[in-house]
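Take a look at the structure below.
Protein chains in written order, with the numbering used here: chain A, 15 to 263; chain B, 100 to 421.
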């Protein structure tokens with residue numbers, strides 16, 4: 015069974031986000047780029063499934079849409095344990111574009127399970143996974159907090175309002191994963207880092223795809239109104255304020 | 100031409116989010132000079148369907164089919180896109196919840212429709228069609244043009260006020276549109292807590308962090324929540340330690356919520372936690388550390404000991420209610 019894990023390259027969460035060109039572009043100076051945290055967990059789970067020989071998973075490939083600057087992130091994924099990588103040499107301007115590029119390259123590769131993170135920490139779209147599944151004409155399950163393989167078939171736990179469902183869905187299948195899919199991201203060992211250097215990264219040029227959306231402007235959040243402090247010796251005032259001033263209770 | 104709004108149902112009933120979606124769609128319909136049509140999939144009674152007419156919908160399409168009992172994303176997307184095309188929908192409005200986030204991307208590819216995801220206000224413009232949303236986990240905002248002929252908007256919960264209109268809605272039962280062989284999602288088991296106020300639905304949330312020192316100290320938080328009709332939540336370290344159920348974890352990698360009131364007790368306010376609650380209408384922080392970053396996000400703050408403050412708040416709420 016072959017698993018494909020899609021990864022995106024995002025600014026580290028602690029980055030102070032700012033914009034240039036009159037607030038139309040992300041200012042990339044000083045940004046530390048990392049693997050999108052959900053994709054890291056997704057990759058970790060894929061590798062756990064491969065380590066368990068009873069699952070029948072034989073390879074884990076990572077795929078990414080991005081320019082040469084993404085190489086360190088891809089090498090990191092290989093160092094963590096992915097077997098090989100695919101990089102489509104295009105700028106990931108929006109989800110539809112990214113999904114279309116991925117679909118074009120992998121459509122004949124017959125991956126059994128395709129994994130994506132529920133969202134990327136930059137544009138918070140939650141869309142690439144479902145789009146890719148639709149392009150490939152395969153089933154998809156989202157909000158997946160657990161993925162196991164039993165007798166060669168995926169067993170998936172999906173979060174629903176107030177609980178969870180355990181599903182059986184045959185391959186080929188795309189899963190969009192969220193918190194719970196893996197306890198902690200796997201860390202690259204020294205050996206993994208050495209081996210990553212010689213693992214293959216297949217590079218493809220992008221095909222012509224017209225994006226459906228365009229980011230035209232960014233804004234920084236307006237400063238929140240000042241915090242009104244209530245005397246800790248008289249906290250009951252808070253209830254009165256919430257009732258009469260904020261009108262939330 | 101129309102604005103199509105898809106809403107799911109919960110055991111045959113709509114929730115507040117359904118009414119928010121229809122209210123929103125009706126307003127968008129006004130902006131693009133057309134009407135709003137609702138699509139409901141599932142076994143929903145006529146009265147319940149008709150109730151959405153009060154939110155400005157002119158037509159409510161009800162699709163009932165045994166084969167659609169389980170949410171199979173591929174199949175549902177097929178049904179929604181077929182109805183969207185039949186109705187000439189130029190805008191589709193869906194909730195930004197688990198099911199909406201699963202369906203919107205599939206619809207996007209089916210209909211070549213650009214998505215504005217997790218939007219919390221009406222479009223800024225219709226020509227070009229521009230939406231406004233949070234990016235970088237709430238650290239910035241973006242104006243996004245949806246260039247495609249058909250547009251999809253997923254609406255953040257509790258971000259749009261309900262409207263009230265005269266109810267002239269017509270209900271249309273739509274025939275089965277599903278090939279049974281296409282349904283491949285099979286449910287093996289369901290674990291669900293019914294009758295429990297969902298964190299994502301709650302208008303008031305009381306949340307505890309590591310400052311509570313131990314899971315044994317949660318009594319006052321639960322009591323305050325119960326008195327306020329609130330749901331309880333927690334920060335990530337608290338859920339990682341197993342002090343509270345994972346479902347209560349609120350934050351960037353947990354639940355993103357937008358209640359009317361969020362009370363953070365013993366929570367320092369790390370950036371990842373704030374990403375989960377920054378859309379709350381009102382934030383209250385209780386913390387012994389005056390420099391805790393939570394106070395920068397809060398509307399009201401008490402620098403004090405939660406163990407002394409909470410009992411007094413509980414008393415005050417009891418008095419208010421009596």
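Every residue, glycine too, gets a C-beta built ideally from N, C-alpha and C.
*Which residue from 119/A, 63/A and 80/A puts its Cα closest to that of residue 47/A?*
Against the first chain, residue 47/A aligns to sequence position 33. Ranking the options by Cα distance to residue 47/A, first place goes to 80/A.
_Proximity below 8 Å, CB of residue 143/A to CB of residue 159/A_ = Indexing the first chain from 1 puts residue 143/A at position 129. Indexing the first chain from 1 puts residue 159/A at position 145. No, they are not a contact pair.
*Per-residue burial, residue 403/B [other beta carbons within 10 Å of its own, 16 or more giving buried]*: Residue mapping note: residue 403/B aligns to position 304 of the second chain, counting from 1. Buried: at least 16 other Cβ atoms inside 10 Å.
*Measuring CB to CB, does residue 256/B end up less than 8 Å from residue 177/A?*
Here residue 256/B refers to the residue found at position 157 when the second chain is read from its first residue. Here residue 177/A refers to the residue found at position 163 when the first chain is read from its first residue. With respect to residue 177/A, residue 256/B sits apart: the two C-beta atoms are not nearer than 8 Å.
*In chain order, which continuous runs of the beta strand (DSSP E) of length 3 or greater are located wholly inside the segment 178-261 of chain B?*
188-194, 213-218, 228-234, 239-245 and 250-254
*asked:* To the nearest angstrom, how far is the alpha carbon of residue 312/B from that of residue 386/B?
replied: Within the second chain, residue 312/B is the residue found at index 213, counting from 1. Within the second chain, residue 386/B is the residue found at index 287, counting from 1. Taking the straight line joining both Cα atoms gives about 12 Å.
*asked:* Using only the alpha-carbon positions, how far apart do residue 219/B and residue 297/B sit?
replied: Working through the second chain from its first residue, we reach residue 219/B at position 120. Working through the second chain from its first residue, we reach residue 297/B at position 198. Near 20 Å, if we compare the C-alpha coordinates of residue 297/B and residue 219/B.
*For the segment 251-259 of chain A and the segment 132-151 of chain A, state whether three or more C-beta atom pairs, one from each stretch, are separated by less than 8 Å.*
no
*Can at least three beta-carbon pairs, one atom from the segment 218-235 of chain A and one from the segment 233-248 of chain B, be found at a separation below 8 Å?*
yes
*Looking at the structure shown, is residue 311/B part of a helix, part of a strand, or coil, going by DSSP?*
As a position in the second chain, residue 311/B is number 212, starting the count at 1. Three-state result, residue 311/B: helix.
*Proximal residues, the segment 125-147 of chain A versus chain B, C-beta separation under 9 Å*: 132, 133, 135, 136, 137, 138, 139, 140, 141, 142, 143, 144, 145, 146 and 147
*Could you name the residues of the segment 295-306 of chain B whose beta carbon sits closer than 7 Å to any beta carbon of chain A, in the order they occur along the chain?*
Those would be 295, 297 and 303, in chain order.
*Taking C-beta to C-beta, are residue 171/A and residue 183/A nearer than 8 Å?*
Within the first chain, the letter at position 157 stands for residue 171/A. Within the first chain, the letter at position 169 stands for residue 183/A. Not in contact: residue 171/A and residue 183/A (Cβ atoms no closer than 8 Å).
*Taking all protein chains shown into account, do 16 or more other C-beta atoms lie within 10 angstroms of the C-beta of residue 11/A, making it buried, or fewer, making it exposed?*
Residue 11/A lies beyond the stretch modelled for chain A, which goes from 15 to 263, so this question has no answer here.
*Please check the pair residue 382/B and residue 376/B, which I expect to be a contact at CB under 8 Å, by giving their CB distance rounded to whole angstroms.*
The residue labelled residue 382/B in the question sits at position 283 within the second chain. The residue labelled residue 376/B in the question sits at position 277 within the second chain. Right, their Cβ atoms sit about 7 Å apart.
_Using only the alpha-carbon positions, how far apart do residue 164/A and residue 73/A sit?_
Counting from 1 along the first chain, the entry for residue 164/A is found at position 150. Counting from 1 along the first chain, the entry for residue 73/A is found at position 59. So the alpha carbons of these two residues sit roughly 17 Å apart.
*Quick one, which residues of the segment 225-253 of chain A are near chain B if we go by CB-CB under 7 Å, in chain order?*
226, 227, 228, 229, 230, 231, 232, 233, 234, 235, 238, 239, 241, 242, 243, 244, 246, 249, 250, 252 and 253
*Note down, in chain order, every chain D residue with its Cβ under 8 Å from the Cβ of residue 109/B.*
The structure shown contains no chain D; its protein chains are A and B.
*State the beta-bridge partners of residue 345/B as determined by DSSP.*
Residue numbering aside, residue 345/B sits at position 246 when the second chain is read from its first letter. For residue 345/B, which the question treats as bridged, DSSP gives no partner whatsoever.
*For the segment 88-112 of chain A, enumerate the residues whose C-beta is nearer than 9 Å to any C-beta of chain B, in chain order.*
Across the segment 88-112 of chain A, CB contacts with chain B closer than 9 Å involve 108, 109 and 110, in sequence order along the chain.
*asked:* Looking at chain A, is there any beta carbon in it that lies within less than 8 Å of the beta carbon of residue 315/B?
replied: By 1-based counting over the second chain, the position of residue 315/B is 216. It does not: the Cβ of residue 315/B has no partner Cβ on chain A nearer than 8 Å.
*Taking the C-alpha atoms as reference points, what is the distance between residue 246/B and residue 259/B?*
Translated into positions along the second chain, residue 246/B becomes position 147. Translated into positions along the second chain, residue 259/B becomes position 160. If I take the Cα positions, the gap works out to 24 Å.
*Determine the burial state of residue 201/A: buried for a count of at least 16 other Cβ atoms within 10 Å of its Cβ, exposed for fewer.*
Here the question's residue 201/A lines up with position 187 in the first chain. Counting Cβ neighbours within 10 Å, residue 201/A comes out exposed, since fewer than 16 surround it.
*Can you pull the DSSP bridge partners for residue 232/A?*
In the first chain, counting from the first residue as 1, residue 232/A sits at position 218. Bridge partners of residue 232/A: 241/B.
_Reduced DSSP category for residue 131/A - H, G, I as helix; E, B as strand; rest coil_ = Counting from one through the first chain, the residue named residue 131/A turns up at place 117. Strand, per DSSP.
*Going along chain B, which residues have a C-beta under 7 Å from residue 268/A?*
There is no way to answer for residue 268/A, as the model of chain A reaches only from 15 to 263.
*Secondary structure of residue 177/A, DSSP reduced to three states*: Along the first chain, one-based indexing puts residue 177/A at 163. Strand at residue 177/A.
*Closest to residue 400/B by CA distance: which of 365/B, 155/B and 263/B is it?*
For this step, residue 400/B is matched to residue 301 along the second chain. Selected option, being the one with the closest Cα: 365/B.
*asked:* Quick check on residue 51/A - is its C-beta less than 8 Å from some C-beta in chain B?
replied: On the first chain, residue 51/A is found 37 positions in, with the first residue counted as 1. Cβ-Cβ to chain B under 8 Å: yes for residue 51/A.
*residue 101/A and residue 88/A look like a contact to me (Cβ under 8 Å); what is the Cβ gap, rounded to whole Å?*
Sequence index remark: in the first chain, residue 101/A carries index 87 (1-based). Sequence index remark: in the first chain, residue 88/A carries index 74 (1-based). At roughly 6 Å, the Cβ-Cβ gap stays under 8 Å, so residue 101/A and residue 88/A are in contact.
*Count the other CB atoms within 10 Å of the CB of residue 252/B; is the residue buried (16 or more) or exposed (fewer)?*
Looking up residue 252/B in the second chain gives position 153. Residue 252/B should be labelled buried.
*Roughly how many whole angstroms lie between the Cα atoms of residue 264/A and residue 96/A?*
Within the shown structure, residues of chain A are numbered from 15 to 263, placing residue 264/A beyond reach of any answer.
*Please list the partners that residue 61/A has in chain B, where partner means a Cβ-to-Cβ separation under 9 Å.*
Looking up residue 61/A in the first chain gives position 47. Neighbours of residue 61/A on chain B: none; closest Cβ ~19 Å, over 9 Å.
_Here's the rule: buried if 16 or more other CB atoms are within 10 angstroms of the residue's CB, otherwise exposed. What is residue 205/A?_
Counting from 1 along the first chain, the entry for residue 205/A is found at position 191. Exposed, since its Cβ has fewer than 16 Cβ neighbours within 10 Å.
*What is the residue span of the beta strand (DSSP E) that residue 12/A lies within?*
Residue 12/A is absent from the model: chain A starts at 15 and stops at 263.
*Per DSSP, residue 288/B is paired with what?*
Residue mapping note: residue 288/B aligns to position 189 of the second chain, counting from 1. BP columns for residue 288/B point to 180/A.
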